[in-house]
Structures are given as C-alpha cells and as structure tokens.
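In the working numbering, the protein residues as written are 476 to 864.
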C-alpha cells in the first residue's frame with residue numbers, strides 16, 4: 476500500500492456535482508500545509524496490490540461474521556446486557572432483540588479499519604452499521620475517477636451493485652408497497668445519500684417517497700406512523716441513528732412494530748461501541764480485533780478512549796501510559812467511554828489514513844480512504860480514491 480500523487484481532473488467539481496456529491500469542497504478551499512480543506516481530494520490516491528485487496532476482503536468478511544455472532548450471543552444468551560452495558564431502554568432492547576430473532580434484513584454497513592501492512596493485519600476501529608455514509612464517494616465518485624484517470628487499473632469496489640442487490644432482495648417483502656426515505660434536507664451529505672439510496676430502490680422496483688425527518692408523525696388513533704399527507708409509512712429507510720430515536724418522544728412508538736425499518740433495530744447493537752469489548756471478550760486475541768474494555772484506559776500502554784455513542788471522531792482521548800497525548804473536542808463527552816488498544820495508522824507524507832470497508836448484501840464489497848494530519852480522522856477529514864494493480 477502506498478500513497479501516490481495523481482492527475483486531478485480539471486472539471487472534477489462538475490463531475491462530482493453531476494452524481495449528487497455537491498458537498499465535495501465542504502464550503503472551503505484548500506489550506507496550504509493544513510488539512511487541505513477539500514472533502515474530496517483526488518490529487519493523490521492510495522494504491523494497493525491485489526494481495527492486499529484480498530486481505531482487506533477477508534478481514535472485512537471475518538469481522539462482519541464476528542459481529543453477527545456477537546449480536547446473536549447477546550440476544551439469545553445475555554439480553555440483560557443490552558440494558559446494562561449498551562444503555563438501552565427496556566423497550567428498545569426488546570425491540571432490537573425481536574428484530575434480530577425474526578431476521579429483519581439489513582442492507583449495509585461500513586467498518587473503519589486501521590491498517591499499516593508493515594505492522595500486521597487490518598484492525599477494526601468501529602462498525603458504522605446503522606447510518607453509514609461515504610457510499611456516494613465509494614460507489615460512484617472514486618469509480619468514475621478510476622475510469623477517467625486510471626483506465627488500466629482496477630478497484631476494490633462493487634458497492635453500487637451490492638446495494639442494488641440488497642434493495643432487490645427487499646422488494647419481495649414489500650409486495651409492491653412503497654418505502655419512505657428519511658433524512659434532514661439541510662444536511663447535504665445525508666440528503667444526497669438518501670436520494671442515492673432512493674434511486675437504487677427505484678431501480679430495484681420499489682416505489683419511494685422522500686420525507687424530511689421532522690415530517691414523520693405518529694397517528695395515535697390509527698397506531699401507525701404517517702407523513703404530512705397522512706399516508707401511512709409502512710417501510711422506512713432512515714439516515715437517523717437508533718440511539719437518537721431512543722431518546723426522542725416518538726421513539727417508543729417504533730417498538731410497536733407497525734413500520735419496517737432499514738437499517739433494522741438490531742443494528743443499534745452494532746453501532747454502539749459497547750460491541751467492541753464484547754467482540755474482544757468473545758474472540759480474545761483475534762488478529763483483526765483490538766483489545767477493548769468498558770471505562771477509562773489502563774495506566775500502561777497505548778490506548779484510545781472513545782465515547783460509547785460518539786460519532787465522527789468527537790471527544791477522543793489518546794493516552795500513553797495514562798497520559799493524554801492527543802484529544803478532540805465535541806458534544807459526546809458526558810457519557811460512558813470505551814477504551815481500545817491503539818492501532819498504528821498507515822502514515823505517509825504526514826497524512827494518517829483510515830480505511831472505510833463496506834458490507835452490503837451481506838458481503839465485503841469495497842473500500843474508501845480518509846486521511847488527516849492528526850491522529851484522529853474527523854468529520855471534515857479528506858476522502859481519497861484508491862486503485863489496485
């Protein structure tokens with residue numbers, strides 16, 4: 476694996492906007508010597524070997540299997556831990572457990588992996604299993620970049636096809652009935668992704684309707700969710716995390732099971748960082764896992780403290796022998812924390828990278844790179860394409 480300079484397309488902004496990625500610059504211009512400013516960055520890229528792609532594929536598939544086994548273990552053997560360790564309300568724990576036991580289908584998830592091939596196998600940092608984005612960047616933006624600038628190379632990327640396959644698998648369950656796609660219109664990344672997923676669903680034969688999240692309403696008399704036009708919401712694709720739903724006033728109404736939801740309720744288990752200590756407990760020493768525990772980091776060694784429900788690299792503390800060597804700000808600092816052994820990130824030319832590795836249609840299907848100057852990849856860190864030869 477190596478970070479290489481490339482050829483930036485002169486019309487890259489227009490090319491990205493044409494596929495729905497209007498937030499490509501995140502409203503900023505590059506800052507010399509800084510983070511770069513741009514969300515999408517194609518003046519450089521990451522190059523892998525075919526053998527390295529195979530290792531990423533195998534590691535992602537193995538980790539996904541471990542995660543599903545961990546959910547099954549919790550639900551069938553120790554459901555009390557959903558409340559005690561995952562902080563779920565009783566109704567939410569029951570809802571997630573029922574969802575798992577009846578086999579509610581999942582569509583996608585994105586693991587964040589740390590991997591320096593010179594230091595060992597890929598390691599899972601966390602699993603964004605509930606509301607993953609970067610799908611447009613992975614499935615479309617970097618694929619078109621490859622075709623237009625690197626026609627002789629290949630890419631670990633079948634995400635678009637896998638997502639379409641996943642929606643086609645959902646279609647028979649819906650029997651011709653429609654699905655509402657919910658996101659916040661004033662959040663460009665989420666709304667663009669919701670639009671992309673809607674398009675895939677339409678291609679799969681599923682009628683769709685967009686809905687801003689604030690327009691989702693509970694009709695108490697009918698015992699069902701409806702939109703502003705009083706149309707029943709039978710099936711819902713949401714870019715709104717389950718942990719937020721659990722604290723909303725209307726959250727418990729989801730527990731009445733009148734609406735089918737993608738991602739399903741059991742994904743709330745995987746999106747909570749309490750899954751990390753459980754994975755280590757069930758699979759101690761697994762080569763793709765990092766040791767993890769509940770609570771603050773031990774006084775010796777290199778550790779990362781994360782909020783159990785943190786997002787986008789917020790409120791991270793990196794410790795070495797008990798001393799904080801780096802930290803990030805945010806709004807998640809008041810809740811419980813998870814401590815995880817620190818894994819070396821691949822570093823080149825002052826950039827540290829994290830690999831987003833996708834699961835869709837229940838298989839590993841592609842990667843995307845993010846990088847930062849600092850030790851933690853944040854919400855505004857750059858996104859880079861990749862290729863392999």
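We put the beta carbon where it would ideally sit given N, CA and C, even for glycine.
Hey, residue 536 and residue 839 are a contact pair by Cβ (cut 8 Å); roughly how many whole angstroms apart? Between residue 839 and residue 536 the Cβ distance is about 5 Å, and since that is below 8 Å, they are a contact.
Is the number of C-beta pairs between the region 831-850 and the region 572-586 that are closer than 8 Å three or more? With the cut-off at 8 Å, the region 831-850 and the region 572-586 touch.
Counting Cβ pairs closer than 8 Å, one from the region 615-630 and one from the region 649-664, do we hit at least three? These segments do not touch.
Tell me whether residue 481 is buried or exposed, calling it buried when 16 or more other Cβ atoms sit within 10 Å of its Cβ. Residue environment analysis places residue 481 among the buried positions, since at least 16 neighbouring C-beta atoms fall within 10 angstroms of its C-beta.
At the level of alpha carbons, what is the spacing between residue 706 and residue 714? Computed Cα separation, rounded: 20 Å.
What is the DSSP secondary structure of residue 742, reduced to helix, strand or coil? Reduced to three states, the DSSP call for residue 742 is helix.
Please classify residue 678: is it buried, with 16 or more other beta-carbons within 10 angstroms of its beta-carbon, or exposed? Answer is exposed; the Cβ neighbour count stays below 16.
Let me know the secondary structure DSSP gives residue 507 once reduced to three states. Any reading at residue 507 is ruled out, since the residue's pLDDT is 48, under 50, leaving its predicted position unreliable.
Burial state of residue 712, where buried means 16 or more other Cβ atoms lie within 10 Å: Counting Cβ neighbours within 10 Å, residue 712 comes out buried, since at least 16 surround it.
Who are the Cβ neighbours of residue 795 in its own chain at under 6 Å, not counting the five residues just before and after it? 777, listed in sequence order.
Over the uninterrupted alpha helix (DSSP H) stretch that includes residue 492, give me the two end residues. Start and end: 487-492.
Report the residue from 577, 704 and 515 whose alpha carbon sits nearest the alpha carbon of residue 741. Distances from the CA of residue 741 to each of 577, 704 and 515 were compared; the closest alpha carbon is that of 577.
Is the separation between the beta-carbon of residue 749 and that of residue 560 shorter than 9 Å? Yes.
Ignoring anything shorter than 4 residues, give me the alpha helix (DSSP H) runs that lie fully in the region 595-647, in order along the chain. For the alpha helix (DSSP H) assignment, the uninterrupted runs of no fewer than 4 residues enclosed by the region 595-647 are, from N- to C-terminal side, 617-624.
In this structure, what does DSSP give as the bridge partners for residue 803? Residue 803 is not bridged to any residue.
Going by CA-CA distance only, name the one from 500, 527 and 522 that's closest to residue 515. By alpha-carbon distance to residue 515, the top candidate from 500, 527 and 522 is 500.
For residue 781, which residues does DSSP report across the bridge? DSSP output for residue 781 lists 813 as bridge partner(s).
Can residue 480 be considered in contact with the ligand ADP, in the sense that its beta carbon sits closer than 8 Å to one or more heavy atoms? What this structure holds is no ligand at all, so the ligand ADP is not there to describe.
Buried versus exposed call for residue 521 [16 or more other C-beta atoms within 10 Å across all chains shown]: Its Cβ being crowded by 16 or more others within 10 Å, residue 521 is buried.
Kindly list the residues whose CB is nearer than 8 Å to the CB of residue 653, restricted to its own chain and excluding five residues on each side of it in sequence; keep chain order. Beyond the five residues adjoining it in sequence on each side, residue 653 comes within less than 8 Å, by CB distance, of 681, 682, 683, 684, 709 and 710 in the same chain, given in chain order.
By alpha-carbon positions, which one of 675, 703 and 524 ends up nearest to residue 640? Of the listed residues, the one whose Cα sits closest to residue 640 is 675.
Spatial distance of residue 787 from residue 494 (CA atoms): Roughly 24 Å between the two C-alpha positions.
Use the C-beta contact count for residue 799: other C-beta atoms within 10 angstroms, 16 or more gives buried, fewer gives exposed. Around the beta carbon of residue 799, a 10 Å sphere encloses fewer than 16 other beta carbons of the protein chains shown; the residue is thus reported as exposed.
Within 10 angstroms of the Cβ of residue 775, are there 16 or more other Cβ atoms? Answer buried if so, exposed if not. A residue is called buried when at least 16 other Cβ atoms come within 10 angstroms of its Cβ; residue 775 does not meet this threshold and is exposed.
Cβ-Cβ distance between residue 780 and residue 746 below 9 Å: Taking 9 Å as the cut-off, the beta carbon of residue 780 is found no closer than this to the beta carbon of residue 746.
Between residue 566 and residue 573, what straight-line distance do the alpha-carbon atoms span, to the nearest angstrom? Roughly 11 Å separates the two Cα atoms.
Determine whether the beta carbon atoms of residue 827 and residue 806 lie at a separation below 9 Å. Taking 9 Å as the Cβ cut-off, residue 827 and residue 806 do not qualify as a contacting pair.
On the criterion of 16 or more Cβ atoms from any shown chain inside 10 Å, does residue 672 qualify as buried, or is it exposed? Buried.
Residue 481, DSSP secondary structure in three states: Of the three classes helix, strand and coil, the one that applies to residue 481 here is coil, per DSSP.
Once DSSP output is grouped into helix, strand and coil, what is the label at residue 689? Helix at residue 689.
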